[in-house]
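As structure tokens, the structure follows; a few thoughts come after it.
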Amino acid sequence: MSTEESKKDERVSPYTDEELEYFRDIIIKKMEEAEEEVNALQRTLRESMENASNESAYSYHMADAGTDAQEREKTYMLFNRTKKFVKYLDDALKRIDNKTYGVCKVTGKKIAKGRLEAVPHTQLSIDAKLKRR
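The numbering of the sequence shown is full-length UniProt numbering, which starts it at 1 and goes up by one.
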């Protein structure tokens, strides 16, 4: 492959360094909030498991045990979802670092600033997202 072809394949962010830093700040703030949520969910899961092991089978109603198990499962699913969100945010920071942030991976066009402010980890423009539905 010639150097001209490799440059053509290389996507560069349509945003200036100042704009990329603006997005970095948004992402870092969301990441901090999500990590706090992950820690809170982890504490909730740990406490729930400790309480479940402390309960006697004879002093605890089966329906209550079922409800507790269901709540633990919901908390665990939320925990996993939030961890995945943190990874998406981390990936977005990497795209900022390598200057590929803000480019739609489907169309190759600039993702609107408003969309990135609302969903800073997105890799799809509105057009690409709507076509996927």
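Note that beta-carbon positions come from the ideal geometry of N, C-alpha and C, so glycine has one too.
As assigned by DSSP and simplified to three states, the class of K129
helix
Using 7 Å as the threshold, is the C-beta distance between T44 and T75 below it?
yes
Pull up the distance between the alpha-carbon of K99 and that of S13, whole angstroms please.
When the Cα atoms are used, K99 and S13 turn out to be separated by approximately 5 Å.
Output needed for F79: all residues of its chain with C-beta closer than 7 Å, excluding positions within five of it in sequence on either side, in chain order.
In the same chain as F79, and ignoring 5 residues on each side of it, the C-beta atoms closer than 7 Å to its own belong to V38, L41, Q42, L45, in chain order.
Going by C-alpha distance, which of S48, K30, K129, D17 is nearest V106?
Comparing Cα-Cα distances from V106 to each of S48, K30, K129, D17, the minimum goes to K129.
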